[in-house]
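Visitor: My questions all concern the structure below.
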């Protein structure tokens with residue numbers, strides 16, 4: 509029987525910090541999740557890099573990217589910590605199957621799911637629902653989520669995908685800004701500040717190309733880290749954002765934002781995905797039935 513591998517506490521804490529950074533995408537978010545300072549996270553990652561004799565992250569302009577060595581290590585730590593979490597989860601009887609942990613894209617969570625979730629809880633008080641936002645597609649094989657809500661075309665091998673909403677992107681701005689800049693044609697966007705989302709850097713270039721003005725150079729560019737922030741900047745008259753129809757319908761009905769141009773570009777959709785092995789999960793089955801009803805009812 510092979511000898512057991514023993515990790516020193518400091519190494520285990522360093523691996524935990526590394527795994528959390530990989531899951532959340534930043535030292536700052538990892539620090540908040542672990543109730544540490546970003547400096548403490550940085551020190552733990554540095555110690556891990558020295559122990560392994562390799563660089564795990566590259567750092568530039570406040571952004572981090574895992575190196576090839578970092579990605580290889582993440583595959584192992586993700587599986588290991590996921591197994592630890594599953595081992596510690598309340599799985600006696602039906603308790604584990606009534607706790608549903610979801611990873612949800614932030615904009616979908618704020619614009620669609622959160623305003624409706626009280627209806628699910630009223631109908632299924634027996635389900636303990638845990639919603640965590642993540643701006644990336646979590647790995648359901650190595651992380652401890654039961655399901656996730658993603659955007660894309662629904663093609664994820666090995667996963668069950670349930671279509672929720674089809675999405676179309678279209679420019680949105682305040683009526684005052686539209687009038688001031690005389691936005692009537694796609695080419696008129698050259699006079700505007702375009703609000704970009706860092707996690708979807710090709711959204712505006714793709715829309716402009718589809719609209720026949722691929723070479724357009726707008727007057728200004730503003731970058732934010734999510735679609736919610738982009739709409740908030742647009743609501744303040746800061747520029748023109750790409751709205752995801754139908755997820756900005758409330759803002760349109762209230763008059764906070766309007767569509768200056770009639771062009772809507774199909775942009776995939778939102779999907780609920782889960783492992784095939786979790787098809788019998790009681791909480792997940794209840795959630796899927798509720799989602800199907802909500803989609804039909806609008």
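Residue numbers (this note's numbering): 509 to 806. All C-beta atoms in this analysis are idealised placements derived from N, C-alpha and C, irrespective of residue type, glycine included. Small disclaimer: the values here were computed from a predicted structure and weren't measured.
1. Suppose contacts are defined by Cβ-Cβ distances below 9 Å. Is residue 791 in contact with residue 636 by that definition?
2. Evaluate the contact criterion for the region 570-585 versus the region 621-629: three or more CB pairs, one atom per stretch, below 8 Å.
3. Flag this pair as touching only if the region 642-655 and the region 582-590 have three or more C-beta atom pairs under 8 Å; answer yes or no.
4. CB residue 677 to CB residue 752, shorter than 9 Å?
5. Beta carbon of residue 705, beta carbon of residue 734: below 9 Å?
6. Does the structure place the region 684-703 close enough to the region 713-720 that three or more beta carbon pairs sit under 8 Å?
7. Could you check whether the region 774-784 touches the region 668-676, counting it as contact only if at least three pairs of C-beta atoms, one from each stretch, sit closer than 8 Å?
8. Looking at the structure shown, is residue 731 part of a helix, part of a strand, or coil, going by DSSP?
9. Please tell me whether residue 655 and residue 786 are closer than 9 Å, where the distance is taken between their beta carbons.
10. Answer yes or no: the CB of residue 530 versus the heavy atoms of the ligand FMN, is any distance below 8 Å?
11. Please tell me whether residue 729 and residue 702 are closer than 9 Å, where the distance is taken between their beta carbons.
12. What's the gap between the Cα of residue 764 and the Cα of residue 725?
13. Can you tell me whether residue 549 is buried or exposed? The criterion is at least 16 other CB atoms within 10 Å of its CB, across all chains shown.
14. Nearest by alpha-carbon distance to residue 542: which of 556, 522 and 561 is it?
15. What does a CB cutoff of less than 6 Å around residue 749 pick up in its chain, not counting 5 residues either side in sequence?
16. Excluding the five sequence neighbours on either side, which residues of its own chain have a C-beta within less than 8 Å of the C-beta of residue 712, listed in chain order?
Guide: Reading it off the structure:
1. For residue 791 and residue 636, yes; Cβs fall inside 9 Å.
2. Contact between the region 570-585 and the region 621-629 is not established, with fewer than three Cβ pairs separated by less than 8 Å.
3. Cβ pair count under 8 Å is three or more, so yes.
4. Their beta carbons are under 9 Å apart, which means residue 677 touches residue 752 by this criterion.
5. Less than 9 Å separates the beta-carbon of residue 705 from that of residue 734.
6. Segments in contact, yes.
7. Yes: the two stretches touch, three or more of their Cβ pairs being nearer than 8 Å.
8. Note: residue 731 maps to strand in three-state DSSP.
9. In this structure, residue 655 sits near residue 786, with a CB-CB distance shorter than 9 Å.
10. The ligand FMN is absent from the structure shown, which contains no ligands of any kind.
11. Yes; because the gap between Cβ atoms is below 9 Å, this pair is in contact.
12. Going by the C-alpha atoms only, they are around 26 Å apart.
13. Answer is buried; the Cβ neighbour count reaches 16.
14. Sorting 556, 522 and 561 by C-alpha distance to the C-alpha of residue 542 places 522 at the top.
15. Within its own chain, the residues whose Cβ lies closer than 6 Å to the Cβ of residue 749, once the five positions on either side in sequence are excluded, are 680, 703, 738, 739 and 742, listed in chain order.
16. In the same chain as residue 712, and ignoring 5 residues on each side of it, the C-beta atoms closer than 8 Å to its own belong to 702, 704 and 750, in chain order.
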